[in-house]
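Structure first, commentary second.
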């Protein structure tokens, strides 16, 4: 049909995960996922694991860190926050270490509002 013809003629290009994973037992035919991280150690860690699993199956991940408290903010019963930068480094290291089923390395974008005090 027309859909196949568009692809065959180069008029339509499907996303990499569709091309790499459709018809196989591995991966997902989805390109991108969005994750919002809450301001807790538990959520920061669980979203790191979620990012690894999504990347392992071929998806790119956008990570929203707007809810994480800024540097210098009080942590109940435990001093002050170091802000978002240490967690960005963790997410960066994690995505670099995550392979998308030997197809390519994982890809992520950490996003924060421009007016976040970081």
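Numbering (the working numbering), first residue to last: 56 to 173. Each residue gets a CB set at the ideal place from its N, CA and C atoms; glycine is no exception.
Pairing residue 115 with residue 163 gives a Cβ-Cβ distance under 8 Å. Rounded to the nearest angstrom, the Cβ distance from residue 77 to residue 110 is 18 Å, too far for a contact under 8 Å.
Of the residues assessed, residue 161 falls on the buried side of the cut-off, its CB having 16 or more other CB atoms within 10 angstroms. Residue 58 and residue 147 have their C-alpha atoms spaced approximately 38 Å apart. Between residue 122 and residue 132, the alpha-carbon positions lie close to 19 Å from each other. Annotation for residue 100: the continuous alpha helix (DSSP H) segment containing it runs 96–111.
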